[in-house]
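Visitor:
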Amino acid sequence: MKKLLTKKAILLILLCTSWAGCHHGPSADAPKKMAVVISTLNNPWFVVLAESAAERARELGYEANIFDSQNNSAKEAEHFDNIIAMKYDAILFNPTDADGSVLNVKRAKEAGIPTFCMDREINSRDAAVTQLLSDNFTGCVKLGQYFVRSLDKAGNYVEILGLVGDNNTWNRSNGFHSVVDEFPDLHMLAQQSADFDRNKAMDVMETIMQANPDIDAVFCGNDAMAMGAYQAIRAAGKAIDIKVFGFDGARDAILGIADGKIQATVMQFPVLMSRTSAELAHQYIQGERDFSSKTPVEVILITPENVEQYLPEN
Numbered sequence: 003m004k005k006l007l008t009k010k011a012i013l014l015i016l017l018c019t020s021w022a023g024c025h026h027g028p029s030a031d032a033p034k035k036m037a038v039v040i041s042t043l044n045n046p047w048f049v050v051l052a053e054s055a056a057e058r059a060r061e062l063g064y065e066a067n068i069f070d071s072q073n074n075s076a077k078e079a080e081h082f083d084n085i086i087a088m089k090y091d092a093i094l095f096n097p098t099d100a101d102g103s104v105l106n107v108k109r110a111k112e113a114g115i116p117t118f119c120m121d122r123e124i125n126s127r128d129a130a131v132t133q134l135l136s137d138n139f140t141g142c143v144k145l146g147q148y149f150v151r152s153l154d155k156a157g158n159y160v161e162i163l164g165l166v167g168d169n170n171t172w173n174r175s176n177g178f179h180s181v182v183d184e185f186p187d188l189h190m191l192a193q194q195s196a197d198f199d200r201n202k203a204m205d206v207m208e209t210i211m212q213a214n215p216d217i218d219a220v221f222c223g224n225d226a227m228a229m230g231a232y233q234a235i236r237a238a239g240k241a242i243d244i245k246v247f248g249f250d251g252a253r254d255a256i257l258g259i260a261d262g263k264i265q266a267t268v269m270q271f272p273v274l275m276s277r278t279s280a281e282l283a284h285q286y287i288q289g290e291r292d293f294s295s296k297t298p299v300e301v302i303l304i305t306p307e308n309v310e311q312y313l314p315e316n
């Protein structure tokens, strides 16, 4: 049964995890290890995910090491080989591919090492112990509704997708299109992948603008790509003409909304997901076995109307 983590639950969990007395780590005479395997550290959002997971694991008394898969499934498989050989006690996992990563998780399970997916899912219900995921579809339904209002139900737009092998890419795209496709005067001129990468998105947007001079908006599958698209748009002198929409709630995007560069984003909670994943892994190691296969985490639409509430302190 799926349980949605609401904003109230988020605050309660963050309060609890900040209190050192909430949990007890493993005994001093039996040191244990958690591996944090991240799809890529070439993105500030995933750096936060990785470091927060490792930090919480260490607070719980574990040795924690971060492995960067560099968005490469072969590299990810190599990490799992090493983790299994070094007999880690749990894996906090951000997959590179929804299908391709399943085998790695199953290999770890066969070796007696439980895996807890963070942010990105794998296409298996029983390989990982549980998967803690942002509610990407619903978040992009909200974004799609705002997108329609921002364009007054008419105009030309393009979409820049993330990794085509990642379910988050399609959950976000499908949520967005479930709304936008209902408006016949909104026309998608192009749809192309930039692998969630800022530099690739800049190149993709440059190419799309050359072929399509009349663009009113661009929807990007994450904020790194939104910022890359904005760079290309600004360089082309079209910053006033093309509205940029993203997803993640990254610092740059939130500041961009406040500065009028970005139209909207959807905020995820990487610290919550990663710290909670470490907590669940700890519970499993301590003997708990009652876990939901998936737990969606609520997300929040950030626009110029509410961005002041979410501006970073520094």
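Residue numbers for the sequence shown follow our numbering, beginning at 3 and rising by one.
All C-beta atoms in this analysis are idealised placements derived from N, C-alpha and C, irrespective of residue type, glycine included.
Given the structure is predicted, the values throughout are model-derived calculations rather than measurements.
(1) I256 and P314: beta carbons closer than 8 Å?
(2) Cutting at 7 Å between CB atoms, please list the residues of its own chain near Q269, excluding the five before and the five after it.
(3) Counting along the chain, where does the alpha helix (DSSP H) carrying V49 start and finish?
(4) Please classify M88 as buried or exposed, where buried requires at least 16 neighbouring CB atoms within 10 angstroms.
(5) State the start and end residues of the unbroken beta strand (DSSP E) segment that holds S136.
(6) Can you tell me where the beta strand (DSSP E) with K35 in it begins and where it stops?
(7) When the Cβ atoms of the stretch 157–164 are set against those of the stretch 206–225, are three or more pairs found closer than 8 Å?
(8) Nearest CA to the CA of D154: which residue from K144, N125, F185?
(9) Of all the options Q212, F178, E123, which has the alpha carbon lying nearest to the alpha carbon of L145?
(10) By how many angstroms is the C-alpha of D243 removed from the C-alpha of Q265?
(11) Are L282 and F118 closer than 8 Å when you measure CB to CB?
(12) Is it buried or exposed, N308, if we count other Cβ atoms within 10 angstroms and call 16 or more buried?
(13) Quick one: grab the DSSP three-state call for M88.
(14) Please report the distance separating the alpha-carbon of K263 from that of G230.
(15) Could you compute how far the alpha carbon of S136 sits from the alpha carbon of S295?
(16) Counting along the chain, where does the alpha helix (DSSP H) carrying P272 start and finish?
(17) Counting along the chain, where does the alpha helix (DSSP H) carrying E315 start and finish?
(18) Under a three-way DSSP split, which group does V299 fall into?
(19) Please report the distance separating the alpha-carbon of E57 from that of A66.
(20) Give me the residue from E208, N73, D83 with the minimum Cα distance to K240.
(21) Ends of the alpha helix (DSSP H) at S180?
(22) Do you know offhand how far L13's Cα is from A238's?
Guide: Once the coordinates are examined:
(1) Within the sequence shown, residue 256 is the residue found at index 254, counting from 1. Within the sequence shown, residue 314 is the residue found at index 312, counting from 1. Contact: yes.
(2) Counting from 1 along the sequence shown, the entry for residue 269 is found at position 267. The amino acid at residue 269 is misidentified as Gln; the sequence shows Met. Cβ-Cβ distances below 7 Å link M269 to G251, V301, I302, I304, Y312 in the same chain, with the five nearest sequence neighbours on each side left out; the list follows chain order.
(3) Sequence index remark: in the sequence shown, residue 49 carries index 47 (1-based). That run of the alpha helix (DSSP H) goes 46–61.
(4) For the purposes of this step, residue 88 is identified with residue 86 of the sequence shown, where counting begins at 1. Classification of M88: exposed, given that the 10 Å Cβ count is below 16.
(5) As a working note, residue 136 is residue 134 in the sequence shown. Where S136 is concerned, the enclosing beta strand (DSSP E) stretches over 132–136.
(6) The sequence position of residue 35 within the sequence shown is 33, counting from 1. K35 -> beta strand (DSSP E) spans 35–40.
(7) Verdict: yes, contact present.
(8) On the sequence shown, residue 154 is found 152 positions in, with the first residue counted as 1. Among K144, N125, F185, the Cα nearest to that of D154 belongs to F185.
(9) The residue labelled residue 145 in the question sits at position 143 within the sequence shown. Its Cα nearest to that of L145, the residue F178 stands out among Q212, F178, E123.
(10) Your numbering for residue 265 matches position 263 in the sequence shown. Your numbering for residue 243 matches position 241 in the sequence shown. Between Q265 and D243, the C-alpha separation is close to 12 Å.
(11) For the purposes of this step, residue 282 is taken as residue 280 along the sequence shown, with counting starting at 1. For the purposes of this step, residue 118 is taken as residue 116 along the sequence shown, with counting starting at 1. Yes, these two residues count as a Cβ contact at 8 Å.
(12) Reading the sequence shown from its first residue, position 306 is the one you call residue 308. N308 is exposed by the Cβ-count criterion.
(13) As a first step, residue 88 must be located in the sequence shown, where it is residue number 86. Coil, per DSSP.
(14) Here the question's residue 263 lines up with position 261 in the sequence shown. Here the question's residue 230 lines up with position 228 in the sequence shown. Going by C-alpha positions, K263 is about 12 Å away from G230.
(15) On the sequence shown, residue 136 is found 134 positions in, with the first residue counted as 1. On the sequence shown, residue 295 is found 293 positions in, with the first residue counted as 1. In this structure, the straight-line span from the alpha carbon of S136 to that of S295 is close to 14 Å.
(16) Walking along the sequence shown from the start, residue 272 turns up at place 270. Counting along the chain, the alpha helix (DSSP H) containing P272 begins and ends at 272–287.
(17) Here residue 315 is taken as the residue at index 313 of the sequence shown, counted from 1. According to the DSSP assignment, E315 belongs to no alpha helix (DSSP H), since it is labelled neither H nor E.
(18) Here the question's residue 299 lines up with position 297 in the sequence shown. Strand.
(19) Here the question's residue 57 lines up with position 55 in the sequence shown. Here the question's residue 66 lines up with position 64 in the sequence shown. Here the alpha carbons of A66 and E57 stand approximately 8 Å from one another.
(20) Mapped onto the sequence shown, residue 240 falls at position 238. Per the Cα distances, E208.
(21) What you label residue 180 is simply residue 178 of the sequence shown in a count that begins at 1. Its alpha helix (DSSP H) spans residues 169–182.
(22) On the sequence shown, residue 13 is found 11 positions in, with the first residue counted as 1. On the sequence shown, residue 238 is found 236 positions in, with the first residue counted as 1. In this predicted model, L13 has a pLDDT of only 43, less than 50, meaning its place in the structure is not dependable; the value taken from the coordinates is given anyway. The alpha-carbon atoms of L13 and A238 are separated by roughly 42 Å.
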